[in-house]
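One structure below.
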Amino acid sequence: MSGLEFVKGDIVVLKSGGPAMTVESIGNYAEGLARGPERGAKCIWFDGGKPQEHVFDVAVLERVDP
Numbered sequence: 001m002s003g004l005e006f007v008k009g010d011i012v013v014l015k016s017g018g019p020a021m022t023v024e025s026i027g028n029y030a031e032g033l034a035r036g037p038e039r040g041a042k043c044i045w046f047d048g049g050k051p052q053e054h055v056f057d058v059a060v061l062e063r064v065d066p
């Protein structure tokens, strides 16, 4: 699946493993001060009950069934 097919609310994981994450937004994060990926997915997840968030390049993510 290409990253262009991810939509807000999808459940994803890193291809290398890790926790299930929810896609909060998709966009170009290369602009501005953030200097993130051009095709990025802002993901949220919980770690020990604490919410976490990070923008990942869509190339390193894969969708999973909830």
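Residues in the sequence shown are numbered consecutively from 1, following this note's numbering.
Built from N, CA and C at the ideal position, the CB exists for glycine as well.
Rounded Cβ spacing between Ala-30 and Glu-24 (contact assumed at less than 8 Å): Under the criterion of beta carbons closer than 8 Å, Ala-30 and Glu-24 do not qualify as touching, at roughly 18 Å.
Range covered by the beta strand (DSSP E) that runs through Gly-9: Neither: Gly-9 is in no beta strand (DSSP E) and is coded neither H nor E.
Length of the line joining the Cα atoms of Val-12 and Ala-41: Using only the alpha carbons, I get a separation of about 10 Å.
Gly-27 - containing beta strand (DSSP E), residue span: 21-27
C-beta atoms of Val-67 and Leu-14 nearer than 7 Å: Since the first residue of the chain shown is 1 and the last is 66, residue 67 is not available in this structure.
For Asp-65 and Gly-27, the rounded distance between their alpha carbons: Distance between the alpha carbons of Gly-27 and Asp-65 is about 22 Å.
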